[in-house]
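In my numbering, the protein residues as written are 294 to 466.
No residue lacks a Cβ here, since even glycine has one placed at the ideal position from N, Cα and C.
In this text the structure is predicted, and so the values were computed from the model without any measurement.
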């Protein structure tokens, strides 16, 4: 987290954010609110800091199958066969598949104020190819398309934050 001099204004804003996160209740919101509360009270978290990019972890968690290998292996001309899975240095990440991403699309539709756009997107979510159809339909509405990408990114980062916290870690970045 960025360290800045604490002021009453920043503390008030952070308090409002904590309250809003509590009301919203998305995956990862509780963890973020807890981190903000630690900052406000100048206490430390029980979670261990880990040098991980939440965005990259979010990408890995979105995978349905496959493997993500640490870049350090390749920096030393090693590959997946040289990976020691039993080492305490690595935290195995198994993708969650497409279900959370599909749920994000469903939740996003519920936030759309225009009934006809919401209906078109709901129709796009039916059956195989829903992700492609949803993106194609959404691309017709520039402002909603932009909102969707912000919404999706917030949800992915929240999943990554919650995943880390469930394992006793928090991102230092």
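Its chain contains 458, 461, 462, 463 as the residues whose beta carbon lies nearer than 7 Å to that of residue 340, once the 5 sequence neighbours on both sides are disregarded; these appear in chain order. Residue 301 sits away from residue 314, with the two beta carbons spaced by 7 Å or more.
When Cβ pairs closer than 8 Å are counted between the two stretches, the stretch 330-347 is seen not to touch the stretch 430-439, the count staying below three. Assigned with DSSP and collapsed to three states, residue 434 falls in coil, not helix or strand. Assignment of residue 443 by DSSP, reduced to helix, strand and coil, places it in the helix class.
For residue 389, the three-state secondary structure derived from DSSP is coil.
Straight-line spacing of the CA atoms in residue 334 and residue 386 works out to 32 Å. In the DSSP assignment, residue 463 falls outside any alpha helix (DSSP H) and lies within the beta strand (DSSP E) extending over 462-464.
In the three-state reduction of the DSSP assignment, residue 340 falls in the coil class, being assigned neither a helical nor a strand state. Measuring C-alpha to C-alpha distances from residue 400 to each of 348, 343, 447 identifies 447 as the nearest. The residues 434, 437, in chain order, have a CB closer than 7 Å to that of residue 410 in the same chain once the five nearest residues on each side in sequence are set aside. Beta-carbon to beta-carbon, residue 412 and residue 427 are separated by about 13 Å, too far to satisfy the 8 Å threshold. Using a Cβ distance threshold of 7 Å, residue 455 and residue 327 do not count as a contacting pair.
DSSP, reduced to helix, strand and coil, places residue 357 outside both helices and strands of the structure shown, so it counts as coil.
Ranked by how close their Cα comes to the Cα of residue 452, the residues 424, 394, 398, 432 have 394 in first place. Just so you know, the alpha carbons of residue 450 and residue 307 end up roughly 18 Å apart.
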